[in-house]
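Comments concern the structure below.
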Amino acid sequence: MKQAEYEITNTVEKILTDNKVDLFIGYEKGTLPLRTSPCFLSKGDDTSRLVWNSFCSNNLAVYLPRIMSTTNENKKRKRVGIICKGCDSRSLVGLIKENQIKRDDLFIIGLSCTGIVDSKKVLSQLNGNEIIDVSEDTESITVKLKDTEKTFDKNKYLYESCRNCAYSTPKVYDVLIRTAKFSPQVVIPDTSVVKFMNKTREERWKIFEMEVGRCIRCYACRNACPNCYCKECFAEQTQPRWLCVTNDLPDLLFYHTVRIFHQAGRCVDCGACVRACPMDIDLRIFTRMLVDEVKGRFDYDPGLSIEEPQPLATFKIDDKQEFMTEPEVNNVKGYKK
Amino acid sequence: MTKDKRTDFILEKNRFEEFIRSLSEKYRIYSPSYTDTRGHFIEVDSPDKIKFNQTNSKLAVKSFFFPQVENLFVFDAETKELSDKENETTAHPIQHILFGVRPCDAFSISLLDAVFMKISPADPYYIKKRHSTMIISLACNHPRQTCFCTSVGCQPDSEKGADIIFFDLEDRFLIRPVTDTAEEILNSVRTLLGSATDCDQEKKKQLMLESKNIIHKDFEFDDLVKKLDNFNASYWNRIYEKCLGCGICTYLCPTCHCFDIADEVIESNGRRVRTWDSCMFSLFTLHASGHNPRPTQKERMRQRIMHKFNYAPKNYDQIFCVGCGRCIMYCPVNLDIRQLIKGIMEEE
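These protein sequences, in sequence, are chains A and B.
For the first sequence, the positions run 4 to 340 when the working numbering is used.
For the second sequence, the positions run 710 to 1057 when the working numbering is used.
And the structure:
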């Protein structure tokens, strides 16, 4: 970790000094234990603020459209350097494909990621005791409490999205930094979708209602998502008006369903929406379903190559289209009634 | 001060259930829920559901008086008929008791009172709920790392905004009535209460001293108001950068009170609703013309900080932050308001 941090700092110092980029986005130490915070650096800023550890949870690609978009108020071309984990880089590739940002304006420091530790999972094991200090090595993290210390096996305390991640190393980058002693991550297959599908319709509805029903419409899921770069979100549009402003269940369902549907073929399952949600809504149950659906239909994983067209933005003669030709056969395939 | 004339009571913890049960005969009692995932105040059906050792509720107590969505009135969109039942300002007897409000949250209600109740015209919807509700706060024995109440003029044992304050002395509660209403209500359960001894007072004092020592004092706010007078200071150009523009900090904030009003009509059923608004949203203050005086996150972040720490002190003689730490705990990018303010204070 320390070696990676050293390499990051050196690279960033160099590209800022050489005017290769106008701005660099990385991570800095957070103010809370088990957290880091995104860090914006320009030439002359202190690059030693940059850190790299198992708590770099934010998907930094989210900042790119607002900084670099050619349709921005700020028309000046901005070249940005950025730290990318596997998932961040996949988001970034999606943004390039959708013409939101330009590859030429980016300097990507790719990092082979070993997964990010879910701070909530760790905190849930501490009986409300506060953490005084945190240290980590390759396999574990150790938290110092008031009177005692506790060590956690990293692999068991990763975010669910990290446990299921099959692309922890970026495919698109300018410099790739490998984390010391990097051992290929064991991908734990995601069973949540299968479990969800095996429930009855009433049970599924109940879960949906319970999860989505506690939404406070703070839009953190949307704003943390790199794919949600619409200048004007349908949820807030007034002309035309798509949904009411209340937090009645129909409005919440409408908002989440439509937002999630807009992710089809684009969601890289980085988990940023889930991490951002203050109400702990497990949005991944729903986004994960789309990821599987797209994979099953089009054998497509988003964000791996800049050239490959997005399945929903192109047409192939052998695309499955039974939902049009034989809707009665397949419309509830795989689901319990 | 009249409060010095009031006497403090003692309630043994083994009589707490009886205490709540007696009160619940006459009043509806609400307390923060830690099983309900929304983490807000819900009605208590049994006294054992009330917990003392927990952190602050996720949603601030403001949502009880100033709910996220509130029907102002309903109307028939075809006949244009209006039903205006809500809009009455007559005195209301106490009907609800909020138990276990943290002193910072109770403090925040005193701030919201200044906005909704103590100016003219006062807000009838707020007043109705406020007048019919008594707040029992619970002093903090275990402040969290995110707590910074002492930096903004609040304390773990602040009485402001509360009608009664409870101090948890491990085996018993020390109860201090703060308002006249509280005395009346406590009189109705007087048989369950004892009087506080010097020893109890001493223990209370000790616990509160420990609490205050835990809370890190991050800044002095006296200079801050003046510092912020420089509207065009250069620090605004940087401090918003990492903000995602979501509404978590403002929606969970116990003092944020911006709202929007909209008419929702489904077929002929119309209603005028008031909903929370957030200065962090790009739609905030967007004019019908398309012009927005706060076009980027920079201006919106400035609005949030200025409103709390500059405009409010000028308009209401109070900082509109109570140091509860929710915005710090739940910010998805760990944009820490304490750090932000410290940064501003250190600027030239």
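Ideal Cβ positions, reconstructed from N, Cα and C, are used throughout, including at glycine.
Since this is a predicted model, take the numbers as computed values, not measurements.
- For the stretch 81-111 of chain A, the set of positions with a beta-carbon nearer than 7 Å to some beta-carbon of chain B is empty.
- Judged by DSSP in its simplified three-state form, A/L246 adopts coil rather than helix or strand.
- Residue ranges of uninterrupted alpha helix (DSSP H) with 4 or more members, entirely inside the stretch 235-302 of chain A and ordered along the chain, are 252-264, 275-279, 287-301.
- Annotated three-state conformation of A/R220 is coil, per DSSP.
- Here B/T900 carries a helix assignment [DSSP, helix/strand/coil].
- Using beta-carbon distances, B/N978 does not count as an interface residue toward chain A, since no partner is under 7 Å.
- In the three-state scheme derived from DSSP, where H, G and I count as helix and E and B as strand, A/M200 is classed as helix.
- The C-beta separation of B/L781 from B/R983 comes to about 6 Å, placing the pair in contact by the 8 Å criterion.
- At a cut-off of 7 Å between C-beta atoms, A/T34 counts as an interface residue with respect to chain B.
- DSSP places B/A971 within a strand segment (E or B) once states are collapsed to three.
- In terms of beta-carbon proximity, B/T964 stays away from the interface with chain A, with every pair separated by 7 Å or more.
- For B/H1016, the three-state secondary structure derived from DSSP is helix.
- Only residues of its own chain outside the window of five on either side were considered, and among them Y30, E31, K32, G33, V54, N56, F58, C59, S60, N61 have a CB closer than 8 Å to the CB of A/T39, listed in chain order.
- The stretch 979-997 of chain B makes no contact with the stretch 901-909 of chain B: fewer than 3 CB pairs, one atom from each, lie closer than 8 Å.
- Rounded to the nearest angstrom, the gap between the Cα atoms of B/I1014 and B/K1051 is 12 Å.
- A residue is called buried when at least 16 other Cβ atoms come within 10 angstroms of its Cβ; A/G118 meets this threshold and is buried.
- Look at A/T14 here: in three-state DSSP terms it is helix.
- A distance below 6 Å between beta-carbons, with the five flanking residues on each side excluded, links B/Y949 to the following residues of its chain, in chain order: Q1006, K1007, M1010.
- Considering only beta carbons, the part of the stretch 773-786 of chain B lying closer than 7 Å to chain A consists of Q777, V778, in chain order.
- Relative to the Cα of B/D754, the nearest Cα in the group B/F728, B/G1032, B/Y739 belongs to B/Y739.
- With a cutoff of 7 Å on beta-carbon distance, B/F808 and B/F773 are scored as not near each other.
- Listed in chain order, the positions of the stretch 219-236 of chain A with a beta carbon within less than 7 Å of a beta carbon of chain B are I219, C221, Y222, A223, N226, A227.
- Secondary structure at A/R52: helix, using DSSP grouped into helix, strand and coil.
- Between B/Y1039 and B/L953, the C-beta gap is not smaller than 7 Å, which leaves the two residues out of contact.
- Unbroken alpha helix (DSSP H) stretches of 4 residues or longer found wholly inside the stretch 860-907 of chain B: 889-896, given in chain order.
- Around the C-beta of A/L252, fewer than 16 other C-beta atoms lie within 10 Å, and the residue is accordingly described as exposed.
- For the stretch 944-957 of chain B, residues whose beta-carbon sits nearer than 7 Å to a beta-carbon of chain A comprise E950, K951, L953, G954, C955, G956, I957.
- B/D757 sits in a helix when the DSSP states are folded into three classes.
- In this chain, the beta strand (DSSP E) harbouring A/L109 covers 109-114.
- Annotated as proximal: B/L883 and B/D909, with beta-carbon spacing under 7 Å.
- Straight across, the Cα-Cα distance linking A/C228 with A/N22 is about 29 Å.
- Close CB contacts of B/I719 within its chain, under the 8 Å cut and outside five residues either way in sequence, are with R881, F882, L883, I884, L902, G903, S904, A905, T906, D909 (chain order).
- Three or more Cβ pairs drawn from the stretch 843-850 of chain B and the stretch 804-819 of chain B lie within less than 8 Å of each other, which places the two stretches in contact.
- In this structure B/M826 is in contact with B/Y835, their Cβ atoms being roughly 6 Å apart against a cut-off of 8 Å.
- Of all residues in the stretch 1037-1052 of chain B, only I1037, M1038, Y1039, P1041, V1042, N1043, L1044, D1045, R1047, Q1048 place a beta-carbon less than 8 Å from a beta-carbon of chain A.
- Proximity of chain A to B/Y739 at the Cβ level (cut-off 8 Å) is not reached, the minimal Cβ distance being about 17 Å.
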